[in-house]
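Asker: Listed in order, the protein sequences are those of chains E and X. For the first sequence, our numbering gives the first residue as 20, with consecutive numbering after it. For the second sequence, our numbering gives the first residue as 622, with consecutive numbering after it. Backbone N, C-alpha and C define an ideal beta-carbon position, used for all residues, glycine too. Please read all numbers here as calculations on a predicted model, not as lab measurements.
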Amino acid sequence: MAELCSYLEALEPLARPLGVPDPTDSEWHGALFGKLKPQIDREPLLVAAVCGGTNTGKSLIANALVGSEISRSVPEAARTRHPVVSLPCGLAGRVDLAALFPGFTPRLWSGEDDALDPTEANVLVWREDAGGEQPRRLVLLDTPDIDGTLLDNWRRAELIRNACDVIVAVLTQQKYNDATVRDFFAAAAAAGKTMIVVFNMVEWPAQRPVLAGWLRTFSLETGAQPAAVYAAPFDREAAGSGRIEFHAIPELTPDGAAIDLRRRLADCDFERIKLASMEGAFRVVIDPTSGAGSWLDAFEAAAGQWRVARQQLADESRVRVEMPSAPREIVWNEIWAWLEPRRSGFDLTVSRAYHLAGKGVKWAARRVGLARSEEERREDFAALELAALKRALGDFIDRLDEICRGHPRLAALLGDRLVASDRTVWYADLQRRHAALPIVSDDYRSFARDKLDAFARDNPDMVRWILAGLNVGAVARPAITVGLAMAGAAAVPAAAATAGGLTTLVHHVGDVVVGGAATLAGEGALGLTVAGLKPLIESLFAGWSAERSRVLAETLHDVVFGDRLEEIDRLAAAGSRPEIARARHLLEHCARELRE
Amino acid sequence: MTEPPVAGVAGDAAAITDFADFDELVESLGRWADSGPDWPPARRIRAEWEQVAPRLDRTRRELSRMLVVGVIGGTGTGKSTLVNALAGSEVTTASDVARPTTTAPIVVVADDVDCGWLPIDAMQGRLVRSGSPAVANIVLIDCPDPDTQADEPSTTTPHAPRPSDANRNRDMLAAVLPACDVLLLVATAQKYRSWIVARELQAFAPGRPLLFVQTHASRDPDIREDWRRELESQGFAVPRIFRLDALEAAQRAAAGLAAEPGFQELLTAIDEELVGRAARRVRRTGALDLTGWFVGQAQSQLGPLREPVAGLAAGVARERTRLEGILAAAIESKLQTNRTAWQRLLTDEVVDRWHGGPFAMFLHTVAAIGSFWTRLRPGGGLIGQLLAGHAPEYVAGRGSWQAVEELGLSEADVEQSRSILAGLAGRAKIAEPLVGRARLDDTQAGETVGTLLERTGRWLASGIERLVSARRGRVDGPLLRWTFEILFTSLIVIVLGRAGWNYFYGHLWEGRRVDGSGFLQESFVWIILWGLVLRWLLFAWVRLGLHRDITALTERLPPARLIDPLINDFATAAEATQGYLKAGDQFAGDVRSLTARLDDSASGLGRMRP
């Protein structure tokens, strides 16, 4: 039982974010956590609670049962705010009240007004029966009302109802068929509680004949089969002085005995009643349509919906960033830097000579206004790149908005990020990150080196061939560089996996960011002569663009989503929590045992 | 049909004016509620108005009809007993055998009153006639109780069928209450704090004055003080609570005995507060309360959106400024850097204006030569075309982002603004169709960009024209022109004079040898140089202040509202919602002041505070 509770408790915090009804409001939860868990392996006590609507005389009846005034009875309605428990002599030292009555803070009784204290907290006022008349294992309670305007009172009464074995249902002519009263006692009957009905404020004996009709209605409505029925006459004077008289109604009592109510409580078959209430609680918990299993079903179904939502998010919130073509000399510079130590002296000399020549050509081109300076080109490029990233961000937000429109739970989760936060900040963040981006990052440099090294390792001949070719083909180099710098027509090449490391979703973004056609035009003499180099160079370009577009992924992850992606992951994964299967297994086990 | 005496209609002129004000207020409220923007809170308000309007309308039409008093309360509180006591005989079953007793509403009407206007069939009611003086001038309805019908069964706890599943008392109550003008709430010590009754009361009390009655006075303690506190905490004004024993009253009434004091108080109150002239007042007060309640509901709907809507409006202003800044900067730099184009434009102006003089001829000649070069370079983009003196062609709905890029506005910038505004709009619960999406599709983009281009083109054309015409004024005066003509001509005259002197005096008189054409060639060069110097001076004068004027021109860009088409939907939505909110505030103030003026503090009837 403790195991089952611990599994369910582990799942509980997920219920609200998943959108599953809060289990603490359900009957099975009350039966499990309010009854079975605290009582299954404790000293068998019989808990009897006096329950009923406002101003029906609960406190008066409880006082009469205990034999002294534990709870003040006042003319105003709904004044008993807290349950009061009377323990048999000597029990207080042996039992942990907080564990026996979960949800309450036990407080020692100091006077009959304790129960009227309108503080917010759930307090359980307790005292020991000083006279020693109370049976050794009987615990008696007075509870707050179940139909007044203070809903806190209902909640407290329900907690007590869950924990108790015997309910003394206080009914009156005005209230025996009220919807809220019915609901309360119907739940008690469903959980196998033994019920003793006290009709209070009866015109005695004039109304005695109609009691059977009242009881029939009550039984039909609640499904309760009261173990005994009593009538308390209307007597304002007696009530005013705290006296109340119970008339047994043997013709409505199954065993037909006219036993005094206090004696009936003291003499009843503790074991059988306890067993019945435990069994009833079990039945509530394992009920296929409304028990814990059904909650687990709902839990799994909700988690499944979140999985769908995550998939949808992954599928639909992909944006293509139309990155401008990378300034080619940046990538080529890396390649040359890598090649530099591997080249012959002759090649280098020729190369340098052409480098100078190339510079001259570029300078001349700039002068006549046909080419822009490197810095200008970088600025142009950065502006285009930022525009592309901003468009992608806008597109992404737009898609998220769209997805949220069709998915209320996602909307609830992402809503405050998407709607309540200031989008200006997002754009500013993207702009800031982009501005702070070095033109060639260390990450990219090492990525390029690794790629080239790996290529050289895999194709040693090829590199030698390239180098040999370069000795001859070095002539072409200045033309390549200048040509590349001026051509600038390549599309953004295909993915390189440098944009990993974020969560799945942003990773997707990273992937798609650089996804695109891989046409690498005009890579010049070198690429054309060495066809095997093409994929390598493509991946180097792709890597650079991916590296750049990572700022978008970072903005999305850090500023737009915050921790929400992890939350979605967590919720989507909730359906595969091991606790679910284990709890189901335990529930089945319980059901089998109960059947046997 | 006997109507209650309608006394003193002309009595209180001030009150009539106030009621006229009230009718006016209701009319404009209706207009406001019906013409709200397509905005979720406005839609809810409209739906609520559709509930409230017929009631207000009926009040106006049936102002002097007798009041319908609905007796409500939890089961077993003695509603039927009280109705019997008031009716003077047993018109409805009051018993302790089964709860609930009353399942169909009983309508008690005086013997001679025509009540064809009461929808008794719709409320599944039963009509009973009574000759009791207490109900002579009111209609009394014994309503079903609200607390025996279960709430819609929750799916989590299914149960075996119960007899109460067929209990539709609360639904029946919902059918009866719309016909009631006044509610008489009956409670006992056991029921006065019932949650269900409180809930139903909240739903039906707005606009319906109330009488509160504690029954079972002979059995129960007096709980009126506590009940009053409870009712006040639920938002009611409670001037008085009656306490009586209906059973006793019914017995006494049946026996023809005088009513006991508690019951007599109630009878007097009915007579004074609900009959005749008082009925009109009750209706009016009810209508006013209902209006106040409606406006209060509307305010509570709109309250949380006030700040987001203001935020959207501020966002629109901010994004407009940002986009205008980009546009202005781009236009300014384009205008400032296009020196040659300006030069050409201004030259054309001068050339077109100055004819006939030697200097003018000189300018024409230079312009003609210069045009060979300039015609080779086509004017690029909108600004280039405008500066080249061409009127750009605008094709409606056919703008492209490339075309505005020259103006510094990229699609990314526009989308950024629209995305930010979409976020702000979302906070204010403003969505489609009130505003569009952040990304404009191709048709929308074509349209908005087309409009933007056209507007910008026209604005720029007029701005450039203004700049040019200001300069045109400088060259129009004859003084300037004559000065330049004289300056230019003077050199020619000097050259010609010198040549003449040389020839006539030096050659013919002094007999010196003629120099040939050498001197003239030299002079020609000097004349051209002098002409160019003068031309430069002239244009320097014309150009003077151009830089400053261009800056001034672009500073005047915001009032031209050029970029409005790009974020027009957001601007319109912000304006519409703000206007709607403001009108709502206005009504709230109106209702408050009207309520303060018409407040009938002398009335013994309870009311739900608006």
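(1) When you compare each of A591/E, C609/E and P36/E to A333/E by their alpha carbons, which one comes out closest?
(2) If L684/X and R901/X are in contact, beta carbons under 8 Å, what's the gap, nearest whole angstrom?
(3) Comparing the C-beta of R201/E with each C-beta of chain X, is any distance below 8 Å?
(4) Kindly say whether Q770/X, judged by its beta-carbon, lies nearer than 8 Å to any beta-carbon of chain E.
(5) Step through the CB atoms of chain X and report whether any lies within less than 8 Å of the CB of E353/E.
(6) Counting pairs of beta carbons, one from the stretch 791 to 802 of chain X and one from the stretch 77 to 84 of chain E, are three or more of them closer than 8 Å?
(7) Report yes or no: do three or more beta-carbon pairs, one from the stretch 1059 to 1074 of chain X and one from the stretch 461 to 480 of chain E, lie closer than 8 Å?
(8) Under the rule that 16 or more other beta-carbon atoms within 10 Å means buried, what is G1078/X, buried or exposed?
(9) Could you pull the DSSP bridge partners for I186/E from this structure?
(10) Give a single yes or no on whether D772/X has its beta carbon closer than 7 Å to a heavy atom of the ligand SAH.
(11) In the DSSP output, what is M297/E paired with across the bridge?
(12) Mind checking the stretch 88 to 121 of chain E against chain X and listing, in chain order, the residues whose C-beta falls within less than 7 Å of any C-beta there?
(13) As a quick exercise: from D420/E, D171/E and D469/E, pick the residue whose alpha carbon is nearest that of G1057/X.
(14) Going by alpha carbons, who is nearest to W811/X out of A208/E, K194/E and G425/E?
(15) So with Cβ pairs under 8 Å, would you call A1249/X a contact of chain E?
(16) Alpha carbon to alpha carbon, what distance is there between E573/E and L606/E?
(17) Roughly how many angstroms separate the alpha carbons of A962/X and L437/E, rounded to a whole number?
(18) Classify N219/E as helix, strand or coil using the three-state DSSP reduction.
(19) Enumerate in chain order the residues of its own chain whose CB-to-CB distance from L1202/X is below 8 Å, with the five nearest sequence positions on each side excluded.
(20) Let's see if you can read the secondary structure: which residues bound the beta strand (DSSP E) around D763/X?
(21) Could you give the distance in angstroms between the alpha-carbon of T714/X and the alpha-carbon of V692/X?
(22) Are at least three pairs of beta-carbons, each pair with one atom in the stretch 1150 to 1169 of chain X and one in the stretch 882 to 897 of chain X, less than 8 Å apart?
(23) How is V501/E classed by DSSP in three states: helix, strand or coil?
(24) Have a look at L37/E, I215/E, D197/E and A149/E and flag the residue whose alpha-carbon is nearest the alpha-carbon of T236/E.
(25) Is there a Cβ from chain X that is less than 8 Å from the Cβ of L606/E?
(26) Are L822/X and L1226/X touching if we call contact CB-CB under 8 Å?
(27) In the DSSP assignment, find the unbroken alpha helix (DSSP H) run with A962/X in it and report its ends.
(28) Cβ closer than 8 Å: which chain B residues qualify as neighbours of G695/X?
(29) Should V718/X go down as buried or exposed, given a rule of 16 or more other Cβ atoms within 10 Å for buried?
(30) Look at the alpha carbon of E588/X and the alpha carbon of A934/X, and state the distance between them as a whole number of angstroms.
(31) What distance in whole Å lies between the Cβ atoms of V144/E and H103/E, which are believed to be in contact at a cut-off of 8 Å?
(32) Of the residues Y26/E, W357/E and P42/E, which one's Cα is nearest the Cα of G310/E?
(33) Looking at chain X, is there any beta carbon in it that lies within less than 8 Å of the beta carbon of D274/E?
(34) Using a Cβ cut-off of 7 Å, pull out every chain X residue sitting near L239/E, in sequence order please.
(35) What are the residues in the stretch 812 to 824 of chain X lying within 8 Å of chain E by C-beta distance?
(36) Spatial neighbours of A908/X within its chain, please: C-beta separation below 6 Å, excluding the five flanking residues on both sides.
Answerer: Per the coordinate set shown:
(1) Locating residue 333/E in the first sequence gives position 314, where the first residue counts as 1. Checked all of A591/E, C609/E and P36/E; the closest Cα to A333/E is A591/E.
(2) The residue you call residue 684/X lines up with position 63 of the second sequence. The residue you call residue 901/X lines up with position 280 of the second sequence. Contact holds; Cβ gap of about 6 Å.
(3) For this step, residue 201/E is matched to residue 182 along the first sequence. Yes - at least one Cβ of chain X is within 8 Å of the one on R201/E.
(4) The sequence position of residue 770/X within the second sequence is 149, counting from 1. Taking Cβ atoms only, chain E reaches closer than 8 Å to Q770/X, which makes this a yes.
(5) The sequence position of residue 353/E within the first sequence is 334, counting from 1. Output row for E353/E: interface = no.
(6) The stretch 791 to 802 of chain X, when compared against the stretch 77 to 84 of chain E, does not touch it at the 8 Å Cβ threshold.
(7) no
(8) Start at 1 with the first residue of the second sequence, and residue 1078/X comes out as number 457. G1078/X is buried by the Cβ-count criterion.
(9) The count along the first sequence starts at 1 and reaches residue 186/E at position 167. The partner list for I186/E (beta bridge, DSSP) reads A68/E and M214/E.
(10) No copy of the ligand SAH occurs in the structure displayed, which carries no ligand at all.
(11) The residue you call residue 297/E lines up with position 278 of the first sequence. Paired residues: none, contrary to the question.
(12) P94, E95, A96 and A97
(13) Against the second sequence, residue 1057/X aligns to sequence position 436. It is D420/E.
(14) The residue given as residue 811/X occupies position 190 in the second sequence. Residue 811/X is actually Gln in this sequence, not Trp. Among A208/E, K194/E and G425/E, the Cα nearest to that of Q811/X is on K194/E.
(15) Not covered by the structure: residue 1249/X. The range shown for chain X is 622 to 1231.
(16) Along the first sequence, one-based indexing puts residue 606/E at 587. Along the first sequence, one-based indexing puts residue 573/E at 554. L606/E and E573/E have their C-alpha atoms spaced approximately 45 Å apart.
(17) Residue numbering aside, residue 962/X sits at position 341 when the second sequence is read from its first letter. Residue numbering aside, residue 437/E sits at position 418 when the first sequence is read from its first letter. Here the C-alpha atom of A962/X lies approximately 48 Å from the C-alpha atom of L437/E.
(18) Translated into the one-based positions of the first sequence, residue 219/E becomes position 200. N219/E: strand per DSSP, three-state reduction.
(19) One-based indexing of the second sequence puts residue 1202/X at position 581. Counting only Cβ-Cβ distances below 8 Å, and skipping sequence neighbours, we find L923, L926, R927 and V930.
(20) Within the second sequence, the letter at position 142 stands for residue 763/X. It spans I759 to D763 - the beta strand (DSSP E) in which D763/X sits, taken as one unbroken run.
(21) As a first step, residue 714/X must be located in the second sequence, where it is residue number 93. As a first step, residue 692/X must be located in the second sequence, where it is residue number 71. Straight-line Cα distance between these residues: approximately 14 Å.
(22) Segments in contact, no.
(23) The sequence position of residue 501/E within the first sequence is 482, counting from 1. Model confidence at V501/E stands at a pLDDT of 20, short of 50, so the residue's coordinates are unreliable; what they give is reported in the following sentence. Three-state DSSP puts V501/E in a helix.
(24) The sequence position of residue 236/E within the first sequence is 217, counting from 1. When only C-alpha atoms are compared, the closest one is D197/E.
(25) By one-based count along the first sequence, residue 606/E stands at place 587. No, its Cβ sits nowhere closer than 8 Å to a Cβ of chain X.
(26) Residue mapping note: residue 822/X aligns to position 201 of the second sequence, counting from 1. Residue mapping note: residue 1226/X aligns to position 605 of the second sequence, counting from 1. Not closer than 8 Å, so no.
(27) Locating residue 962/X in the second sequence gives position 341, counting from the first residue. A962/X -> alpha helix (DSSP H) spans R960 to R974.
(28) Protein chains E and X are contained in the structure displayed, whereas chain B is not.
(29) Against the second sequence, residue 718/X aligns to sequence position 97. By the neighbour-count rule (16 or more Cβ atoms within 10 Å), V718/X is not buried but exposed.
(30) This structure cannot settle anything about residue 588/X, because the visible part of chain X is limited to 622 through 1231.
(31) Position 84 of the first sequence holds residue 103/E. Position 125 of the first sequence holds residue 144/E. With the sequence shown as reference, residue 103/E is identified as Val, and His is not the correct amino acid for it. Contact flag correct, Cβ pair sits at about 5 Å.
(32) Counting from 1 along the first sequence, the entry for residue 310/E is found at position 291. G310/E has its Cα closest to that of P42/E, out of Y26/E, W357/E and P42/E.
(33) Taking the first residue of the first sequence as position 1, residue 274/E is located at position 255. Judged by the 8 Å Cβ criterion, D274/E is not in contact with chain X.
(34) Within the first sequence, numbered from 1, the residue matching residue 239/E stands at position 220. Within chain X, the residues near L239/E are R783 and P784.
(35) K812, Y813, R814, S815, W816, I817 and A819
(36) The residue labelled residue 908/X in the question sits at position 287 within the second sequence. Taken in chain order, the residues that qualify are L677 and T680.
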